[in-house]
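Those letters in the sequence shown? Residues 1 to 300, per UniProt numbering, in order.
Don't be surprised by glycine CBs; every beta carbon is placed ideally from N, CA and C.
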Amino acid sequence: MKDLYTFDSSPEAAENTYREVSDAYRAFFADLKLPIMVAKASSGDMGGDLSHEYLLSNPAGEETVETCDNCGYINDNVVSAPPKTSPESVELSESQSVASSTSTIEPPTDEPLDLSQPATGAACPRCKEGSLQLSQALELGHTFYLGTRYSKPLSLSIQLSNEAQTQVLAQMGCYGIGVSRILGAVAEHKSDERGLGWPRAIAPYEVVVVPTSPVTAQVIDFYDKLAHDGRLDVVLDDREKSFGWKMKDADAIGYPVIIVLGRAWRDGGSCEVQCRSLGLKESVDDDAVRCYLDDLLNRI
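Below, the structure is given as structure tokens:
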């Protein structure tokens with residue numbers, strides 16, 4: 001688990017931090033090329049009054065998610081809200097002393113408490129026009145706005161830099177990403193009969209160079225030209241194995257891009273670039289391969 005804790009000096013600053021971290025989470029999950037859903041969620045034992053889950057649809061998932069087929073509403077089934085109703089005008093009787101009219105205090109009744117769980121096909125509580133679809137999902141990340149849930153009982157304060165050096169309670173946030181869960185989710189959603197298919201953002205390397213013959217000075221020079229400035233995350237397979245073995249291993253590992261240095265490259269400087277996720281296999285000249293890779297990697 002990757003954990004992050006934030007401490008701010010005001011609710012406004014803490015809410016802004018929450019938005020910034022949430023935006024970073026959304027950008028990260030977008031780079032994974034997975035169909036991630038962001039749902040308002042229950043804070044549970046963590047406390048606080050605002051939290052969101054980052055979910056991936058999975059029949060074996062522990063979370064039940066509601067989605068609307070009309071407006072895009074997404075919600076954790078635990079915090080599902082009933083449709084909002086408008087208050088009705090009622091005629092109140094003459095007020096009397098509580099002590100003389102009752103021995104108990106009744107709870108307020110202007111907000112209904114709906115204990116039922118929505119089912120597939122129920123009306124969407126937001127747009128009222130769409131139907132809810134319920135599905136199981138796997139939680140890959142969670143963000144919590146905690147406020148003073150922990151700082152107040154622990155007397156955790158921040159000294160402001162004003163003239164009075166005012167002490168204020170820290171406004172906290174807590175954020176987590178399930179690293180091992182993400183690896184499992186990618187393996188499940190982005191693999192085929194040949195092996196894994198890592199998204200560029202978390203691939204062990206973006207590019208692997210596989211020569212069809214033993215490594216020579218010419219091969220090393222080609223690799224050095226790709227790797228010299230650090231912009232490309234590239235590895236050379238220089239193991240003493242057959243070309244077929246190396247290619248099967250590259251597919252199994254799931255590198256986004258494979259560059260094959262074969263006879264056409266040795267004789268005429270034309271390498272073969274493969275990208276399994278795009279079904280691509282093209283010959284590219286030595287002097288154009290760097291620009292070609294930059295464009296290709298931006299597409300996957």
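| field | Enclosing alpha helix (DSSP H) for residue 11 [first to last residue] | value | 11-31
| task | Pick out whichever of 262, 208, 215 and 274 has its Cα sitting closest to the Cα of residue 233. | result | 208
| message | Strictly by DSSP, which residues pair up with residue 131? | response | 123
| message | Is the separation between the beta-carbon of residue 121 and that of residue 131 shorter than 7 Å? | response | yes
| Can you tell which of 201, 256 and 202 has its C-alpha closest to the C-alpha of residue 278? | 256
| Quick one: complete beta strand (DSSP E) runs, 3+ long, within the UniProt domain "Anticodon-binding" (206-289)? | 207-211, 234-236, 257-261, 270-275 and 280-285
| Is residue 185 closer than 7 Å to residue 56 when the C-beta atoms are compared? | yes
| request: Compute the Euclidean distance between the alpha carbons of residue 267 and residue 68, then round it to the nearest angstrom. | output: 59 Å
| message | Quick check: the Cα distance between residue 70 and residue 37, rounded to an integer number of angstroms? | response | 16 Å
| query | Which of helix, strand or coil does DSSP assign to residue 49? | reply | coil
| task | Measuring alpha carbon to alpha carbon, tell me which of 237, 245, 118 and 152 ends up nearest residue 259. | result | 237
| query | With contact counted as at least three CB pairs below 8 Å, one residue from each stretch, are the stretch 142-162 and the stretch 188-206 in contact? | reply | no
| message | On the DSSP letters alone, give me the boundaries of the alpha helix (DSSP H) that residue 187 sits inside. | response | 179-189
| Limits of the beta strand (DSSP E) - the one that residue 159 falls within | 157-159
| query | Do we get a CB-CB distance below 7 Å when we pair residue 6 with the residues of chain B? | reply | Included in the structure is just one protein chain, with no chain B present.
| Which value, in whole angstroms, describes the spacing of the CA atoms of residue 262 and residue 213? | 7 Å
| Coil, strand or helix - residue 61 by DSSP | coil
| request: Give the straight-line distance between the Cα atoms of residue 230 and residue 58, rounded to the nearest whole angstrom. | output: 37 Å
| task | Starting from residue 4, trace the beta strand (DSSP E) both ways and give me its first and last residue. | result | 2-8
| task | For residue 283, collect the residues of the same chain with a Cβ closer than 6 Å to its Cβ; drop the 5 residues on either side in sequence, then sort them by chain order. | result | 270 and 272
| request: Return the residue from the list 141, 7 and 35 that minimises the CA-CA distance to residue 43. | output: 141
| message | Taking a contact to mean a Cβ-Cβ separation below 7 Å, would you say residue 14 touches residue 8 in this structure? | response | yes
| query | If we ignore side chains and look at the alpha-carbon of each, how far apart do residue 158 and residue 181 end up? | reply | 35 Å
| request: Tell me, please, which residues DSSP counts as bridged to residue 137. | output: 57 and 63
| task | Check residue 36 in the structure and name its three-state DSSP category. | result | strand
| request: Tell me where the beta strand (DSSP E) around residue 75 begins and ends. | output: 74-76
| task | Have a look at the DSSP bridge pairing and note the partners of residue 143. | result | 52 and 175
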